[in-house]
Amino acid sequence: MTSISLADADRGAAAIRFTGVHKWYGSFHVLRNIDLTVGRGERIVVCGPSGSGKSTLIRCVNRLEKHQRGSIVVDGVELTDDITRIDEVRREVGMVFQSFNLFPHLTILENCALAPIWVRKMRKDDAEALATKLLARVKILDQAHKYPGQLSGGQQQRAAIARALCMTPKIMLFDEPTSSLDPEMVKEVLDTMSALAQEGMTMIVVTHEMGFARQVADRVVFMDMGEIVEVNEPLAFFDHPQHARTKLFLSQILR
Amino acid sequence: MLSSGALAWAQANLFSSIGSSFVTIGCIAFVAYFLPQVVAWATTHAVWSASDGAFCRQRQDGACWAFVIAKWDYLRFGSYPVAERWRVDLVEAVGALLVAWLLWTNAPRRALGALLFFVAYPILALILLHGSSVLGLPVVDTLLWGGIFVSLLTAVVGIVFSLPLGVLLALGRRSPLSVVRMASVVFIEFVRGVPFITVLFMANNLLPLFLPEAWTPDRLLRPLAGIVIFSAAYMAEEVRGGLQSLGKGQYEASMALGLNYPRLMALVILPQALTLVIPGIVNNFIGLFMDTTLVSVVGVTDFLEAMNNAMKDPVWAGPTIMVTGYVFAGIFYFCFCYGMARYSAHVERILAKAHK
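Sequence lines, in order, name chains A and B. Counting from 1, position 52 in the first sequence corresponds to residue 52 in my numbering; the numbering is continuous, with no gaps. Numbering-wise, my numbering comes out as the position in the second sequence, counting from 1, plus 1000.
Okay, structure coming up:
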C-alpha cells in the first residue's frame, strides 16, 4: 500500500481517509488504530465519553494535533510535516470550537473577512461582501459591527461558523460546538448546522446532542478509550447498538 | 455656599471618623503651611531677570530663574554651533508635528504619518543634524551635540527601536527552534543581569573592538545602541507576559483559518498581547527616558549634563543655582513622563471601549 496511489484514489471519492492512525500524548495512547473514511457530502457525528479521543480525532484532520503513525489524507492531500501541505488543507477545512475563539479585538465583520483577505488574497470589499452574506445566512447580520464580547454565546458561535464558512471550505469540523452554551441557545446553533448539512457540506461533528445526530447524521461514530468502537447509521446506532460499551454510553446519555 | 453634594462628599470621605478628621486637618495644615512658601519661592521671591549671579546671591529665598533663562540656549543645544541651531529647531518642530499626528488617535491618514515618521523623518533628521557637504550644510560633529535635543533624540531612538526589537526577542524566546530560543534567552538574561551603566560602557568600549576601524560607530551612536539593547531586553519580558496571557484558542482558531505564523502573530496575537501590556510598555518607556541621563558617563552631554555644566559657570555661582537647576530639570522630566503616562491611560480607555 502506498500513500500516492491512495491519494489518487481518494481524489474522486473520499473527503477524509484515516488509515491505521495512532497518537500518543507522552505515554498516553489517545488514538488507537483509527480507520475511517468520510465521503464527500457525508455528515458524521462522533460521540463518546470524555477522554475518548473524539476531539483529538477531528483536530488531527487540520493538523492542530499531529498523529504519530498511520496516514490521514484530506481532500487528496496527505498530512505530513510539510507545512505548505498543511496550509493547503487548512484553507479547505473550516473548524468551529467549543469556546468559539473569535478574535476579541476585531468586530464580527472583521473576524469573518480576515482570513479571506490574508489567506485567499481577496480584495477587502469583496471579503466584506462575502462576510455580510454569510452573517446574513447565520442570521446575525445586525451584529456585524459589534465586538465578540458584546454578543451572546449562541450569537458568538454562529459568528464563528460564519467566519469558518467565509473561507468557502469543502469540509467543516465542529468540536463540541454547543457544549459551552446556555441551554436556550443550543437550538439556534444546531439549526444553523442543520441548514449547512442540508446544503451538502461535508461535516464531522463531535457532540453529545443525540437529537441532532439522529436527524442530521449519515453515520454515527462511537469512540471509547481512543478507538472507534462502532460506526452505524443513526437509526440502527440508537435503536440497536451492537457493543456493550455503546449500550452503556447510550444508557447514560439518554434517559 | 457649598452644595449639599459637596458637603455630603466631604463628610463621607474626609470626616467619616475622628481619626480621618485628624488626618484631614493635619494634611490641610501641612499644605497650608508649605505650599505658599514653595509658590513664593518659585514666583514672587524668584529672580526672573538678571545679567549675572549677583542679584540671585542677594535673594536667597527665591529661585534664580534668570540663570535658566540665560543658559537656555546652552541647555537646549549644548555646544552646537550658534549659526546652525536653526537646523535643530527645524528637526524638533517637524518631529513634534509628526509625533502629534501619530498620537492623535482620530487623525486622518495615520499610515502616511507613520511612514513619514519612521522612514522619511530619520533621514531628514540625520542630514539636518549632522550636515551634508552636498547640500551645503556644514558638518557638525556629534562631539558638539548636547542639551535637550540630545535627550529627546536618545529617548526617541530608544523607544522606536527597543519595542520592535523587544517583540522579536519575546517571539524568539517562545520559538520552537531551540537555537533561536537559546539566543534570545541568553541575550535577555545577560542584559537584564547587568546594570545599565555596564551596558553603556560595553557599547562604548567593546563595540569598536569588534568592528573594523573604518566602521567604528560614532561616539553618540554607541550609547544609543546601548540604550536600545538594554531597553529591548526589558521590553521583551513585558511582551512575553502579554503573549502568555492569551489562550491557545486564539492560535488554534488562526491556524485553522490557514493564517501562517507571521500573519497569525501580526494580525491576531500581537495586537491583543501588546494591548494587554500597554501599562508595562509605557512604564519601560518612562524608565528609558530617565535612563537617558546616564549617557553622560560615556561623555555625551544630555540635558542633565548640560545643566550640571551650566551650574559650574562662576559668573552665576550662588547658593540658589543648584536647587533652581535641579528643580527645573525635574519639571522637564516630569512633564514628559507624566505626558506619556496620561497618553497611555487615554489609549487604554479607547481600547477598553472598543472591546466592550
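Each residue gets a CB set at the ideal place from its N, CA and C atoms; glycine is no exception. These figures come from a predicted structure and were not determined experimentally.
Residue i in three-state terms, based on DSSP
i, result
"B:A1093", "helix"
"B:S1004", "helix"
"B:S1357", "This structure gives no information on residue 1357 of chain B, because the portion of chain B shown stretches from 1001 to 1356."
"B:W1316", "helix"
"A:D334", "Residue 334 of chain A lies beyond the stretch modelled for chain A, which goes from 1 to 255, so this question has no answer here."
"B:S1296", "helix"
"A:G149", "helix"
"A:M122", "coil"
"A:M167", "coil"
"A:E42", "coil"
"B:V1254", "A quick correction: the sequence has Ser, not Val, at residue 1254 of chain B. Reduced to three states, the DSSP call for B:S1254 is helix."
"B:Y1080", "coil"
"B:F1187", "helix"
"B:V1323", "helix"
"B:V1194", "coil"
"A:M203", "strand"
"B:W1072", "helix"
"B:W1086", "helix"
Per-residue contacts from residue i into chain E (C-beta, under 9 Å)
i, result
"B:T1275", "Absence of chain E from the displayed structure is noted, the protein chains being A and B."
Assigned exposure category for residue i - 16 Cβ within 10 Å defines buried
i, result
"A:D125", "exposed"
"B:F1067", "buried"
"A:K54", "buried"
"A:W118", "buried"
"B:P1081", "exposed"
"B:W1086", "exposed"
"A:S251", "exposed"
"B:D1291", "buried"
"A:T2", "Because the pLDDT at A:T2 is just 42, under 50, the model does not fix this residue reliably, and the value given afterwards should be weighed accordingly. By the 10 Å Cβ count, A:T2 comes out exposed."
"B:I1123", "exposed"
"A:E110", "buried"
"A:L181", "buried"
"A:H240", "exposed"
"A:D10", "Residue confidence is low: A:D10 scores 43 on pLDDT, short of 50, so the model does not pin down where it sits. No coordinate-derived value is stated."
"B:M1235", "buried"
"A:P116", "buried"
"B:W1009", "exposed"
"A:C47", "buried"
"B:S1020", "exposed"
"B:C1335", "exposed"
Under 8 Å by beta carbon: chain B residues contacting residue i
i, result
"A:A115", "L1257, G1258, L1259"
"A:E62", "In the sequence on display, residue 62 of chain A carries Asn and not Glu. Simply M1255, A1256."
Residue i: contacting residues in chain A (beta-carbon distance under 7 Å)
i, result
"B:L1267", "L114, W118"
"B:R1263", "W118"
Other residues of its chain near residue i: CB distance less than 6 Å, five sequence neighbours each side excluded
i, result
"A:A113", "A127, E128, A131"
"A:I283", "In this structure chain A extends from 1 to 255, so residue 283 of chain A is not present and cannot be described."
"A:R69", "H22"
"B:V1150", "D1302"
"A:L134", "A162, L165, C166"
Amino acids of chain B, ordered along the chain, whose beta-carbon sits closer than 9 Å to that of residue i
i, result
"A:F97", "G1249, E1252, A1253, A1256"
"A:M167", "L1257, G1258"
Residues near residue i in its chain [Cβ-Cβ closer than 7 Å; skip 5 each side]
i, result
"B:V1047", "F1055, C1056, R1059, G1062, C1064, W1065, A1066"
"A:A14", "T37, V38, G39"
"B:V1180", "G1172"
"B:T1293", "D1302, L1304"
"B:F1161", "V1228"
"B:S1344", "I1278, P1279, V1282"
"B:L1276", "G1242, S1245"
"B:L1098", "G1113, L1116, F1117, Y1121"
"B:N1260", "none"
8 Å CB neighbourhood of residue i in its chain, flanking five on each side removed
i, result
"A:L235", "R214"
"B:V1323", "A1063"
Proximal residues of chain B, C-beta to C-beta of residue i below 7 Å
i, result
"A:R91", "G1258"
"A:D87", "G1258, N1260"
Under 9 Å by beta carbon: chain A residues contacting residue i
i, result
"B:Q1272", "F103, P104, H105"
Cβ contact check for the region 197-211 of chain A and the region 143-150 of chain A: 3 or more pairs under 8 Å: The region 197-211 of chain A makes no contact with the region 143-150 of chain A; the number of CB pairs closer than 8 Å stays below 3.
The region 1237-1254 of chain B contacting the region 1164-1182 of chain B, beta-carbon criterion three pairs below 8 Å: yes
Touching by the beta-carbon criterion (3+ pairs, under 8 Å), the region 1246-1253 of chain B and the region 81-101 of chain A: yes
Three CB pairs or more closer than 8 Å across the region 1274-1293 of chain B and the region 1225-1236 of chain B: With the cut-off at 8 Å, the region 1274-1293 of chain B and the region 1225-1236 of chain B touch.
Contact between the region 1116-1133 of chain B and the region 1275-1284 of chain B (3+ Cβ pairs under 8 Å): No: fewer than three Cβ pairs fall under 8 Å.
contact_flag[the region 69-84 of chain A, the region 17-31 of chain A] where n(CB pairs < 8 Å) is 3 or more: yes
Three or more C-beta pairs below 8 Å linking the region 132-148 of chain A and the region 157-172 of chain A: yes
The region 1125-1145 of chain B in contact with the region 1088-1095 of chain B per 3-pair CB rule at 8 Å: yes
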